[in-house]
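Quick note, the sequences are listed as chains B and E, same order.
Using full-length UniProt numbering, the letters of the first sequence correspond one by one to residues 1 to 286.
Using full-length UniProt numbering, the letters of the second sequence correspond one by one to residues 1 to 430.
Note that beta-carbon positions come from the ideal geometry of N, C-alpha and C, so glycine has one too.
Remember, predicted model here, so these are calculated numbers, not experimental data.
Report on the following structure.
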Amino acid sequence: MRKGNLWYWVFLAPVLIALVAVVILPLMYGIYYSFTDWNGIYTTSFVGLDHYKALIGDEEFRNSLWFTTKFTVVSVFLINFFGLSLALLVTQKFKGNHVLRTIFFMPNLIGGLILGFIWQFIFIKVFSSIGDILGVEGLKVWLATEETGFWALAILMSWQLAGYVMVIYISFLEGVPRELLESAQIDGANSFQRFFHVTLPLVMPAFTVSLFLTLSNSFKLYDQNLSLTGGGPYNSTQMVAMEIYNTAFVENAMAFAQAKAVIFFLIVATISLTQVYINKKREVEL
Amino acid sequence: MKAKKIGLLLLSFGLLISVALVGCSSSEGDDSNKDKVTVDIFQFKVEFKKQFEEVVKAYEKENKDVNINITTVGGGEDYGAALKSKFASGNEPTIYNVGGPQDVKDWADKLADLSDTKAAELALKGTLEGVTKDDKVLGLPYNQEGYGFIYNKNVLKEAGIDPASITSYAALEGAVQTLDKKKDDLGLKAVFALPAKETWVTGLHLSNVFLAPEFDQNVLNAFDSNKVEFTHSDAFKKVLDLQNEYSAQPTVNLDYSQQVEELFSTGKVAMIQQGNWAYGSIAGIDEELANSGIGMLPIPVEGYKEDSMPVGVPMYWAVNSNKDAKEIEAAKAFLDWLYTSETGKTTVLEDFKFIPAYEGYDTSKISDPLAKDIYEYAQNGKTLSWTFMGYPTGWGQQELGINIQKYLSDKMSWKELVSESQEAWEKARK
């Protein structure tokens, strides 16, 4: 690739312009606003690091950050576990595996808000009816307690994203050369050994992509959170994105929310980049 | 190969241009409209969007030189966010909405003085309190709204309870217990449906009844106060506990639509704490019930007023003072016409189904039973003000409402609820 080539820049320009207009510029503005007392309408003074200092004592923000972290760990694990399992299942040779692929992928086609409302119905209505029949009290209060609210979100998220990462895993699984597996078999490797020593190293790049996607998506989750639990009960299932929104628009502390957003951006960026860096090192090439 | 390259090139240029043009859509009218004044309205009430658009069309027909555009973005906090973005985009509306004293303070530079309008003169006593600053009237009320316990007349009748007798907390408690005893015969799931998920129902509306007395029922007193005492804390706790104990469970999870549509409109609960805006939702499920089977009772404040209805103005119309004089005049003229002309008044009362906040209306034409009850209480002077409009921003919902959820989930005692809410108020007012 000759980077000095005019065509290179011509083809890149649309993306660059879009990126600057909708990502870089707003980010710059945001950082600037976080140092002022902007209230969404006008700015009267420059307050320096005040908002960042106030952030240290903000329990609400800390709680939501902790909740989001817990949620991310659990859902990244669940999504990739189910995604890979499904991918292994549908790459087997049997009738109907293409239909299954479509079915598993389908939850992704539904928007986050709608998905949240569908699952809200399931948790509130279906689960409590089952609870009524079985006489299990715990099933009736699914979205009304902190712990079950957490699991409700994790279930929803895995259900939605597992099919998506499945597609990523499938494409890499199908790229594993048959000769390698066959020669391993001839050398006497059983199916577990073949999977862990041949297949897994070769699909490492799929982990890089899927982990990155699931990690950043779980961290930034907003719509599903809003429609499923709305942060309730008592803000205990409120994730960072929602906490920032509430600070900005419900409490009307625009600049303070902006400072939270900057910190949040740094956290997500650091974690995702570290993850990609670590994963990249583990990838092997043929 | 060459053709393919050129094709790609054209495509990328196309993308480039479309990206560059996004957001530059021009809003200039064509030359033929030069003498016309354009008034842009940015408003929040989705419920009357269609009727409002129709009345505007009628107005444009009468006034050929005025062109009115309406944009509606509904629902409390989302409106505030949308309005800010609208202003930030440089495409400022002529007429927009402000809520209470905090909005007036925030938008101070962009509010035109409306004292010289006829509507301001005719606005009912007390309705302009929150938007008056240095003798300037900065907003005109939309309408009046009120809330209390909406009850199902048939269920109460069957249980042998006369709603007119419920004028105190003791009477309410007695009625609730009677209903609870007979709930199997009456086909009830519970007596109440308390939607604690909706922090505006508990943190704003319910708390208002018990906090209003300590601010002398004046929204500005609450707005200026650095602290909150919770003087009627016990009465507050009693009503909340009563609603929670006899409610469909789990309450922290119950939202507006479950409360109003699923439980109340289908007769599964006998009473709910809501306002006259619920009429539309109830009518959507059971029109007959909405028109003849419901009524409203006050929320009793033991030791203060046990028989008064909280009545207030949900939103005000404001005119943007940044616009040129001609446009401001046109905006004022339109609002005046809407609330003081004969056609306007009929529309406000019959099509919008508003409880008017202005004098000179034939209120016998109010058709929905909840509005009627509220209007009657207002006529008899049995009202409490909507002091919650003067709470610190976000306090009612994000602090008190959330604390109430904690209290109902046994994660917080009532004493802690009071002290933590007090602290949050003081912190917000520093």
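- By the criterion of at least three beta-carbon pairs nearer than 8 Å, the segment 396–411 of chain E is in contact with the segment 197–204 of chain E.
- Residues of the segment 231–247 of chain B with a C-beta atom less than 8 Å from some C-beta of chain E are G232, P233, Y234, N235, N246, listed in chain order.
- Around the Cβ of B/H98, a 10 Å sphere holds fewer than 16 other Cβ atoms; the residue is exposed.
- Judged by pairs of C-beta atoms under 8 Å, the segment 152–163 of chain E does not touch the segment 117–125 of chain E, as fewer than three such pairs exist.
- Within its own chain, the residues whose Cβ lies closer than 7 Å to the Cβ of B/S218, once the five positions on either side in sequence are excluded, are F71, T72, S75, V76, M157, listed in chain order.
- Secondary structure at E/L254: coil, using DSSP grouped into helix, strand and coil.
- At a cut-off of 8 Å between beta-carbon atoms, B/F249 makes contact with chain E.
- Around the beta carbon of B/V126, a 10 Å sphere encloses fewer than 16 other beta carbons of the protein chains shown; the residue is thus reported as exposed.
- Of all residues in the segment 391–411 of chain E, the ones placed with a Cβ closer than 7 Å to any Cβ belonging to chain B are T393, G394, Q397, Q398, I402, Q405, K406, S409, K411, in chain order.
- Per the DSSP secondary-structure output, B/W38 pairs with nothing in a beta bridge.
- By the Cβ test, the segment 212–232 of chain B is in contact with the segment 262–279 of chain B, since at least three Cβ pairs between them sit closer than 8 Å.
- Under the 10 Å beta carbon count, E/T71 is surrounded by fewer than 16 other beta carbons and is classified as exposed.
- Looking at E/K84, E/D40, E/V228, E/V98, the one whose alpha-carbon comes closest to that of E/S421 is E/V228.
- Around the CB of B/R282, fewer than 16 other CB atoms lie within 10 Å, so the residue is classed as exposed.
- DSSP places E/S247 within a strand segment (E or B) once states are collapsed to three.
- Leaving aside the five residues that flank B/W159 on each side, the residues in its chain whose CB is nearer than 6 Å to its CB run, in chain order, P107.
- Within the segment 34–46 of chain B, N39, G40, I41, Y42 place their CB atoms closer than 9 Å to a CB of chain E, listed in sequence order.
- Distance between E/Y391 and E/F230, taken at the CA atoms: about 13 Å.
- The alpha helix (DSSP H) runs of length 4 or more contained entirely in the segment 218–273 of chain B are, from start to end of the chain, 223–228, 240–245.
- In the pairwise beta carbon analysis, the segment 149–156 of chain E is classified as not touching the segment 302–317 of chain E: fewer than three pairs are separated by under 8 Å.
- In the three-state DSSP reduction, E/D116 falls in the coil class, being neither helix nor strand.
- Fewer than three pairs of CB atoms, one per stretch, sit closer than 8 Å, so the segment 42–50 of chain B makes no contact with the segment 12–30 of chain B.
- Taking a beta-carbon distance threshold of 8 Å, E/D40 does not count as an interface residue toward chain B.
- The continuous alpha helix (DSSP H) containing E/T346 extends over residues 342–346.
- In summary, no residue of the segment 324–344 of chain E has a CB separated from any CB of chain B by less than 9 Å.
- As the crow flies, the alpha-carbon of E/V418 is around 8 Å from that of E/S233.
- Burial is judged here by how many other beta carbons sit within 10 angstroms of a residue's own beta carbon; B/E137 has fewer than 16 and is exposed.
- Note that the C-beta distance between E/K238 and E/Y151 is not below 8 Å.
- Scanning its chain for C-beta atoms nearer than 8 Å, with the 5 sequence neighbours on each side dropped, one finds around B/I110 the residues I118, Q160, in chain order.
- Burial is judged here by how many other beta carbons sit within 10 angstroms of a residue's own beta carbon; E/T251 has at least 16 and is buried.
- Residue environment analysis places E/E327 among the buried positions, since at least 16 neighbouring C-beta atoms fall within 10 angstroms of its C-beta.
- DSSP places E/K157 in the helix class (H, G or I) of the three-state scheme.
- Interface with chain B (8 Å Cβ-Cβ cutoff): E/G80 is included.
- In the DSSP annotation of this structure, the continuous segment of the beta strand (DSSP E) that includes E/F192 starts and ends at 190–192.
- In the DSSP annotation of this structure, the continuous segment of the beta strand (DSSP E) that includes E/V269 starts and ends at 269–275.
- A straight line joining the alpha-carbon of E/A278 with that of E/A371 spans about 10 Å.
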